[in-house]
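Worksheet: the structure to be examined is printed underneath.
There are 2 protein chains.
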Amino acid sequence: MKELKKTNRTKVNRTPKRAVYEKETIYKILDETFVCQIAFKIDGQVFIIPTAFGRKDDSIFIHGSNKSRMLNSIKSGEDICIDVTLIDGIVAARSIFHHSINYRSVIIFGKGKEIDEPEDKLKALKIITEHIIPGRWNDARKPNEKELEITSVFEFKIDEASAKIRTGPPVDEKEDYNLNVWAGIIPLKTIAESPIRDQEVRNGILLPDYIKDFSMRVNSSKIKE
Amino acid sequence: MKELKKTNRTKVNRTPKRAVYEKETIYKILDETFVCQIAFKIDGQVFIIPTAFGRKDDSIFIHGSNKSRMLNSIKSGEDICIDVTLIDGIVAARSIFHHSINYRSVIIFGKGKEIDEPEDKLKALKIITEHIIPGRWNDARKPNEKELEITSVFEFKIDEASAKIRTGPPVDEKEDYNLNVWAGIIPLKTIAESPIRDQEVRNGILLPDYIKDFSMRVNSSKIKE
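Those protein sequences? They're chains A and B, same order as listed.
Going by this note's numbering, the first residue of the first sequence is number 1, and it counts up by one from there.
Going by this note's numbering, the first residue of the second sequence is number 1001, and it counts up by one from there.
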């Protein structure tokens, strides 16, 4: 199934022509970053917490302290909402009204499934780590028993999700194209600057190639107009 | 009052040493971007929608179509949650467990106040526009009566808010400093690329200085380590 089914929750109501339900597009957006926003309820009040995530196949994984209010809300079986938003540029139209933002965002609804078994937890933590910096898992010290115990890990199936995308130049009212106003796009992008070595790294330890690769990949990503 | 009062909703429970309730710090984070995430409820289900905002003094302003579900939820008097998150870098520790992210985030709770009077609406839309691209309001065509009518504008007082900030190098377990693992920070930052002129801009209209200034300001912003 390449296309996700629209539901009441994922159906885009405002500017539906910007909606995308195709898995490939949704996954590409998720893979371009590693921070999502999670909205959840406690006693009826909504909260948002930004958190790191990793995607593999049709799931995303998050983790955190087992004392986290957010994770306890997820644990209780609440339906939450996950948002990932990439800002690609500011769209300057001739009229204030038609100013806009070029963006790609994904929204996912569902319940989290807690991962209990230490071995499965390790697998999920590897997915998160490798989603953020591919190559890091095998280089750093793996979580020990105690660290695993105090970490909660959750999986969310990406089966109720949609993307919303705006690209391209400003669209103005016909008569406004005669105005003497500059219009266009200011592209925005995230770049990685030179890694800053921790002062206490042992002598002789060089910057790993996979971190150089990470920076190159981030910095060469093409902006979608 | 320079410091906001902690409430049950804004009190940071996880890693409270990262919490900041000082207005100046909160406003500086809000002013470094222009997109927030808004979490709201419809029939008990939580939703997140990313949206542009502007801040002036102790308020933030958002706007949108008067058909928007989010704005109708705000109109109904629901308490919502607004999140702004800036990602400053990836913190690569010697152990997987101590990997982290350098970030600055703000969370705001409250009810929105709808702005009804056309003149006040214009003032709020000017605040949003100038928050995003200072100088743009006086250059572009102002909203007309019809455009104002179909736009809903809301103000939120920033009186129940907190920031959470992580900066600096990785912090590992004492015994891990002996590991032969590279550790440090990969700084991430948002930059503006060269503005892309809309093909239908009239001949002779040059790129405005305030857009050049915008790009310079974004690109010279210093990363917090």
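For each residue, glycine too, the CB sits at the ideal point set by N, CA and C.
The structure presented is a predicted model; accordingly, all values stated were derived computationally and were not measured.
Supposed contact pair residue j and residue i - C-beta distance, whole angstroms, cut 8 Å
i, j, result
"residue 1090 of chain B", "residue 1185 of chain B", "7 Å"
"residue 227 of chain A", "residue 94 of chain A", "Residue 227 of chain A lies beyond the stretch modelled for chain A, which goes from 1 to 225, so this question has no answer here."
"residue 192 of chain A", "residue 215 of chain A", "4 Å"
"residue 1084 of chain B", "residue 1065 of chain B", "That belief does not hold up - the Cβ atoms of residue 1084 of chain B and residue 1065 of chain B are roughly 22 Å apart, past 8 Å."
"residue 198 of chain A", "residue 1169 of chain B", "5 Å"
"residue 1098 of chain B", "residue 1153 of chain B", "Contact flag wrong, Cβ pair sits at about 44 Å."
"residue 1159 of chain B", "residue 1004 of chain B", "7 Å"
Residue of the options minimising C-alpha distance to residue i
i, options, result
"residue 56 of chain A", "A:23, A:14 and A:43", "A:23"
"residue 1059 of chain B", "B:1070, B:1083, B:1073 and B:1027", "B:1027"
"residue 205 of chain A", "B:1178, B:1073 and B:1200", "B:1178"
"residue 146 of chain A", "A:122, A:92 and A:191", "A:122"
"residue 1030 of chain B", "B:1168, B:1195 and B:1161", "B:1161"
"residue 209 of chain A", "A:217, A:190 and A:188", "A:217"
"residue 117 of chain A", "A:40, A:149 and A:61", "A:149"
"residue 1054 of chain B", "B:1219, B:1071 and B:1130", "B:1130"
"residue 211 of chain A", "B:1187, B:1004 and B:1009", "B:1187"
"residue 135 of chain A", "A:43, A:12, A:207 and A:151", "A:207"
"residue 1033 of chain B", "B:1012, B:1088, B:1043 and B:1016", "B:1088"
"residue 167 of chain A", "A:17, A:11 and A:12", "A:17"
"residue 1012 of chain B", "A:11, A:49 and A:2", "A:49"
Contact with chain A by residue i, beta-carbon distance below 8 Å
i, result
"residue 1053 of chain B", "no"
"residue 980 of chain B", "Since the first and last residues shown for chain B are 1001 and 1225, residue 980 of chain B lies out of range."
"residue 1217 of chain B", "no"
"residue 1067 of chain B", "yes"
"residue 1105 of chain B", "yes"
"residue 1062 of chain B", "no"
"residue 1225 of chain B", "For residue 1225 of chain B, the pLDDT reaches just 44, beneath the cut-off of 50, and the residue's location in the model is therefore unreliable, although a value from the coordinates is still provided. So, interface residue."
"residue 1114 of chain B", "no"
"residue 1085 of chain B", "yes"
Sub-8 Å separation of residue i and residue j beta-carbons
i, j, result
"residue 1025 of chain B", "residue 1163 of chain B", "yes"
"residue 1110 of chain B", "residue 1047 of chain B", "no"
"residue 231 of chain A", "residue 1101 of chain B", "No information on residue 231 of chain A is available, as it lies outside the stretch 1 to 225 that chain A covers here."
"residue 137 of chain A", "residue 1096 of chain B", "yes"
"residue 1014 of chain B", "residue 68 of chain A", "yes"
"residue 20 of chain A", "residue 165 of chain A", "yes"
"residue 1075 of chain B", "residue 1114 of chain B", "yes"
"residue 103 of chain A", "residue 86 of chain A", "yes"
"residue 1128 of chain B", "residue 1040 of chain B", "no"
"residue 1092 of chain B", "residue 201 of chain A", "no"
"residue 1037 of chain B", "residue 37 of chain A", "yes"
"residue 190 of chain A", "residue 1190 of chain B", "yes"
Proximity test, Cβ basis, 8 Å: residue i and chain B
i, result
"residue 72 of chain A", "no"
"residue 13 of chain A", "yes"
*Residues of the region 154-184 of chain A with a CB closer than 7 Å to any CB of chain B: list them in chain order, please.*
Cβ contacts with chain B come from 169, 170, 176, 177, 179, 180, 181, 182, 183 and 184.
_Interface positions of the region 1185-1209 of chain B facing chain A (Cβ-Cβ less than 9 Å), listed along the chain_ = Of all residues in the region 1185-1209 of chain B, 1185, 1186, 1187, 1188, 1189, 1190, 1191, 1192, 1193, 1194, 1195, 1196, 1197, 1198, 1199, 1200, 1201, 1202, 1204, 1205, 1206, 1207 and 1208 have a Cβ within less than 9 Å of some Cβ in chain A.
*Note down, in chain order, all residues in the region 119-131 of chain A with a beta-carbon under 8 Å from any beta-carbon belonging to chain B.*
Those residues of the region 119-131 of chain A that come within reach of chain B (Cβ to Cβ, closer than 8 Å) are 125 and 129.
*asked:* Using a Cβ-Cβ cutoff of 7 Å, what residues of the region 28-44 of chain A are near chain B? List them in chain order.
replied: Within the region 28-44 of chain A, the residues whose Cβ lies closer than 7 Å to some Cβ of chain B are 35, 37, 39, 40 and 41, listed in chain order.
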